[in-house]
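>
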Amino acid sequence: MTLPRAFYDRPTLQVATELIGKVLVHRSADGTTAGAIVEVEAYIGEEDPACHAAPGPTARNQPLYGPPGFAYVYLNYGIHNLFNVITERAGQPAAVLIRALEPLDGLALMQRRRAADRGGGTIPDHELCRGPGSLARAMGITLDRNRSDLCRRRLCLEERGIVYHDVAWSARIGISAGAEHLWRCYVAGNRAVSGKKSPRLDPPRRASTFA
DNA sequence: CGTTCGATGCACT
DNA sequence: GTGCATCGAACGT
Numbered sequence: 003m004t005l006p007r008a009f010y011d012r013p014t015l016q017v018a019t020e021l022i023g024k025v026l027v028h029r030s031a032d033g034t035t036a037g038a039i040v041e042v043e044a045y046i047g048e049e050d051p052a053c054h055a056a057p058g059p060t061a062r063n064q065p066l067y068g069p070p071g072f073a074y075v076y077l078n079y080g081i082h083n084l085f086n087v088i089t090e091r092a093g094q095p096a097a098v099l100i101r102a103l104e105p106l107d108g109l110a111l112m113q114r115r116r117a118a119d120r121g122g123g124t125i126p127d128h129e130l131c132r133g134p135g136s137l138a139r140a141m142g143i144t145l146d147r148n149r150s151d152l153c154r155r156r157l158c159l160e161e162r163g164i165v166y167h168d169v170a171w172s173a174r175i176g177i178s179a180g181a182e183h184l185w186r187c188y189v190a191g192n193r194a195v196s197g198k199k200s201p202r203l204d205p206p207r208r209a210s211t212f213a
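Read in order, the letters of the first sequence correspond to residues 3 to 213 in the numbering used here.
(1) Of all the beta strand (DSSP E) runs that stay within the bounds of the segment 9-85, which reach a length of 3 or more residues?
(2) Starting from the C-beta of L21, find all residues in its chain whose C-beta is less than 7 Å away, skip the five residues before and the five after it, and write them out in chain order.
(3) For my contact list, C187 and V165 are in at a C-beta cut-off of 8 Å; report their separation, rounded to the angstrom.
(4) From T34 to P57, what does the alpha carbon distance come to, in whole angstroms?
(5) Determine the DSSP secondary structure at P134, reduced to helix, strand or coil.
(6) Tell me which same chain residues have a C-beta within less than 6 Å of the C-beta of A18, skipping the five on either side of it?
(7) Any chance the segment 82-97 sits against the segment 143-153, with 3 or more Cβ pairs inside 8 Å?
(8) State the CB to CB distance for the pair L130 and A117, rounded to an integer number of angstroms; the pair is presumed to be in contact (CB under 8 Å).
(9) Please tell me whether R132 and A194 are closer than 7 Å, where the distance is taken between their beta carbons.
(10) DSSP puts Y188 in a beta bridge; with which residues?
(11) Measure the beta-carbon distance from T14 to A73 and round it to whole angstroms, keeping in mind my assumption that it falls under 8 Å.
(12) Please say whether E161 and M3 have beta carbons closer to each other than 7 Å?
(13) Under a Cβ-count criterion, where at least 16 other Cβ atoms within 10 Å of its own Cβ denotes burial, should G108 be classed as buried or exposed?
(14) Grab me the residues of T71's own chain with a C-beta within less than 6 Å of its C-beta, minus the 5 sequence neighbours each way, in chain order.
(15) Pull up the distance between the alpha-carbon of I81 and that of H128, whole angstroms please.
(16) Beta-carbon separation of L106 and A36 under 7 Å?
(17) State the CB to CB distance for the pair L157 and H28, rounded to an integer number of angstroms; the pair is presumed to be in contact (CB under 8 Å).
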C-alpha cells in the first residue's frame, strides 16, 4: 500500500529511519521498477550547510519549501539525477536523499537502463541501485519527475512488510560542511549500500591483549 | 581487492 | 568563473 502524505509530514530523522525497508516504485512508459530502500540521508533546514536550502529560497530549491510527500530531483555533477523526498510541513525546508535500493521488480529494465550508459556487460543485481546517481538511472527517474506527487501512482513509496535489522547511523557521504551530523541511515552489512565496506557491527573475534 | 582522477551541466556569486 | 549530496574506468597491490 502507498504511504500517505502524513508519513512525510513528520520530523525528518524519523521519516528517514522509517524509510528503511519501504519500497520505491516507478511506473514509467518503459515498464515498472521497484526496490527496497537500504540507505538514506537527511538534509534539514537552512542551518544545515549541506542542505540545498542553506542559501535561503531559490528557484532550484523551491520544492524543499513546499508540502511534504513530493519529489525533489536535481542534477548533480552535471551527470547524475538525485532523488529526494520532501519532509516536514510547507515552509520548513527538509528532505531525505534516497541513496541505495535492493532491487525487487523490473531487474531486466534496470539492467538495460544502466547498460545504456556503458558499452555493455552485466551489472551484479546488488549494484544496480547502489548509490544515488545509479539508483535514479536504474529506476528511470529524471528531472521531469521533480515535484512529482509521491501520493500518486506513477512514482510512489509502498509498505510491503519488509523489515531490515542492523540499521546504523553515520556521517553523510560526499559532503564537507555539516559532517558533524550523523544523518545517514543505512542497513549495516547490506551489499547494496554505497560507500566502502560498511563497518562491521559485531566486535572483532579476538582483540589483541598486547599493545 | 584498493585508490585516483576525469567527465559533465547547471545554480549560484 | 566556481563548486558540487557522483560514477566508473584505469590503474596499482
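Glycine is no exception: its CB is placed at the ideal position from the N, C-alpha and C atoms.
Quick answer:
(1) If we require 3 residues or more, the beta strand (DSSP E) runs fully inside the segment 9-85 come out as 25-30, 33-46, 73-78.
(2) I39, V42, V98
(3) The Cβ separation is near 15 Å, so there is no contact.
(4) 37 Å
(5) helix
(6) V42, A44, V98, C187
(7) yes
(8) No, L130 and A117 are not in contact; Cβ-Cβ is about 10 Å, not under 8 Å.
(9) yes
(10) E41, A170
(11) Their Cβ separation, rounded to whole angstroms, is 15 Å, which puts T14 and A73 out of contact at 8 Å.
(12) The answer is yes: Cβ separation under 7 Å.
(13) Per the 10 Å Cβ criterion, buried.
(14) Correcting the residue type first, residue 71 is Gly in the shown sequence and not Thr. Correct list, in chain order: R7, Y10, L152, C153.
(15) 22 Å
(16) yes
(17) 5 Å
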